[in-house]
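Under this note's numbering, read the sequence shown as residues 438 to 848, first letter to last.
C-beta: ideal position from N, C-alpha, C; glycine also.
Read the structure below first, then the notes.
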Amino acid sequence: MISIIYLILAITFYFLIYVKSKDKLHPLGIGVLLWFLACSLSSYDVFFDSNLQVHLSTETHICMLLAGFFYSIPFIFSKKRNKELFITQRIYFSSTYILVFNLLLCLTIIAFFIRFRTEISNPALFTKEAMGDLKSTIPDALPGLHYIELLTPYLAILAYLEMRMSLHIRRKRYILLVAYIFYSIITAILYKVSRGELLIFVLGYLYIFFSCNLKQKNFNKIIILSVFIAIFIFVGITRISDESRVSTQFGSGTLNTIFSQFYTYIAMNFQNLNSIVSSTTEPTYIWGSLKFFLRPFFSNEYDMNELGLLDDSVLFFNAKTFLYYFYNDLGIAGVILYPLIIGLILQAFYNAYCKDIKYLAMLAPLMKAIVFMFFGNYFFGELVLLTPYFIVFLFISMMQTKNESTSKNTN
Numbered sequence: 438m439i440s441i442i443y444l445i446l447a448i449t450f451y452f453l454i455y456v457k458s459k460d461k462l463h464p465l466g467i468g469v470l471l472w473f474l475a476c477s478l479s480s481y482d483v484f485f486d487s488n489l490q491v492h493l494s495t496e497t498h499i500c501m502l503l504a505g506f507f508y509s510i511p512f513i514f515s516k517k518r519n520k521e522l523f524i525t526q527r528i529y530f531s532s533t534y535i536l537v538f539n540l541l542l543c544l545t546i547i548a549f550f551i552r553f554r555t556e557i558s559n560p561a562l563f564t565k566e567a568m569g570d571l572k573s574t575i576p577d578a579l580p581g582l583h584y585i586e587l588l589t590p591y592l593a594i595l596a597y598l599e600m601r602m603s604l605h606i607r608r609k610r611y612i613l614l615v616a617y618i619f620y621s622i623i624t625a626i627l628y629k630v631s632r633g634e635l636l637i638f639v640l641g642y643l644y645i646f647f648s649c650n651l652k653q654k655n656f657n658k659i660i661i662l663s664v665f666i667a668i669f670i671f672v673g674i675t676r677i678s679d680e681s682r683v684s685t686q687f688g689s690g691t692l693n694t695i696f697s698q699f700y701t702y703i704a705m706n707f708q709n710l711n712s713i714v715s716s717t718t719e720p721t722y723i724w725g726s727l728k729f730f731l732r733p734f735f736s737n738e739y740d741m742n743e744l745g746l747l748d749d750s751v752l753f754f755n756a757k758t759f760l761y762y763f764y765n766d767l768g769i770a771g772v773i774l775y776p777l778i779i780g781l782i783l784q785a786f787y788n789a790y791c792k793d794i795k796y797l798a799m800l801a802p803l804m805k806a807i808v809f810m811f812f813g814n815y816f817f818g819e820l821v822l823l824t825p826y827f828i829v830f831l832f833i834s835m836m837q838t839k840n841e842s843t844s845k846n847t848n
């Protein structure tokens, strides 16, 4: 029954947000739809595996409901999406923007070659010695340089936005941006074997693509999208480890194995959330949610776990939904406060985007965090997650939005 309630809530909230904004791609709509669908799947008794799962407590369900509600409620302040902006507006990428972008582009490539200099001819994806754990063959990221290297998918998103929305773009510049996009995809798949990095770009790309093409049908572009999705599925399947092939309730066979992993990688996150909700831990107030800011000053306390943070996990499933540390800090108040703050910030960016298309550059990189709220806090869980958002916002401040018709008249 509770599974059906979540399903109804997913459809209802998405519909209300669409009615208010006239936008099928409203970030709050996407987020609350996928959140409640994940809640529904994890609560569906038919898929329940008694060997791995316990029934979620009433308080856990209350947390899940409150989080979805307060995350999405800022939609009441939403403006209506003006689809004409994609016809009338274009973005002028200033010389300062291009200079800084090119500098960071070069630095990300240099950082990559420094890290993988001995593995260039032997990509991790094709390493036979560690097929069970490809990550074990990947060199550790270098301190300091890893902040630069992590910018790669975000710069690729900005590159695609420039290709689509630039007021003026030279052919050489266009070729450079295309080449960097392919570089980011190839390195994420072959060398870093990073689904997370690939997801950042793919979801950002898809958000920009569909935002620009809501009324258009282009077969060639659909083919390109299909290739992206096929690549991601291929990498995902090849990364399925032997331990994660949990098929006890679905039987044997390839399809059952794949669906089993899909189910358990959603449902077990809520099991971990249920563990902390059911525990008698004392609130940690700010140490979990604000770890991204506090850890540099209290690194020893975090390393020795002197702050009382819990780290529950079911077997090898250690993802915890984005609510985990919110609840660890403040209990029920945390699952209300932080999702509300996230929703308000996203709504503020969306309202800015409704007037100025350059803010699409802020929403697109946030798509992974929005889509995977059931998996973890990719908004500000760690400083390495938050830093790229600040860099993207800095780039947005260097962009100038111009009315295309006005620009043509003045040229």
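Within the same chain, F507, Y508, I510 and P511 come within 8 Å of L777 by CB-CB distance, once the 5 residues on both sides are set aside. Residue environment: F811 is assigned as buried (16 or more neighbouring CB atoms within 10 Å of its CB, all protein chains considered). Secondary structure at S603: strand, using DSSP grouped into helix, strand and coil.
Burial state of E586 is buried, judged by a 10 Å Cβ sphere holding 16 or more other Cβ atoms. The straight-line gap separating the alpha-carbon atoms of R632 and K805 is approximately 11 Å. Annotated as distal: A593 and Y628, with beta-carbon spacing of 8 Å or more. Taken in chain order, the unbroken stretches of alpha helix (DSSP H) that lie wholly in the stretch 762 to 814 and span 4 residues or more are 769 to 792, 797 to 800 and 804 to 808. Taking the C-beta atoms as reference points, I794 is found no nearer than 8 Å to T824.
Beta bridge pairing from DSSP links Q837 with Y529. Under the DSSP assignment, G725 falls outside any alpha helix (DSSP H); it carries neither an H nor an E label. Per DSSP, the unbroken alpha helix (DSSP H) holding M501 starts and ends at T495 to S509. Residue state for Q490 is assigned as coil, using DSSP reduced to three classes. The beta carbons of V714 and S494 sit closer together than 8 Å. One alpha carbon belongs to L462, the other to F786, and they sit about 13 Å apart. Per the coordinates, the alpha-carbon of F763 lies some 14 Å from the alpha-carbon of S712. C-alpha of M705 to C-alpha of V491: approximately 10 Å in a straight line. Take the alpha-carbon of M602 and the one of T717: they are about 52 Å apart. Boundaries for T564: no alpha helix (DSSP H) harbours it, and the DSSP string shows neither H nor E there. Sequence-distant partners of Y455 (beyond 5 residues in either direction) whose C-beta falls short of 8 Å from its own C-beta, in its chain, are K461, H463 and G466. M836 and S515 have their C-alpha atoms spaced approximately 24 Å apart.
By the C-beta density criterion, V829 is buried, having at least 16 other C-beta atoms within 10 angstroms.
About 6 Å separates the CB atoms of A578 and R552; that is less than 8 Å, so the two are in contact. For E738, the uninterrupted alpha helix (DSSP H) segment begins and ends at S736 to D740. With fewer than 16 other beta carbons inside 10 angstroms of its own, H583 counts as exposed.
Here the alpha carbons of R610 and A504 stand approximately 44 Å from one another. A direct Cα-Cα distance of roughly 14 Å separates L536 from Y529. L540 counts as exposed, since fewer than 16 other beta carbons sit within 10 angstroms of its beta carbon. Boundaries for I626: no alpha helix (DSSP H) harbours it, and the DSSP string shows neither H nor E there. For N737, the number of other beta carbons within 10 angstroms of its own is below 16, and it is reported as exposed. Distances from the CA of Y826 to each of T497, I637, R607 and F473 were compared; the closest alpha carbon is that of I637.
Distance from the CA atom of E819 to the CA atom of K728, rounded to whole angstroms, is 6 Å.
Fewer than three pairs of CB atoms, one per stretch, sit closer than 8 Å, so the stretch 438 to 454 makes no contact with the stretch 718 to 725.
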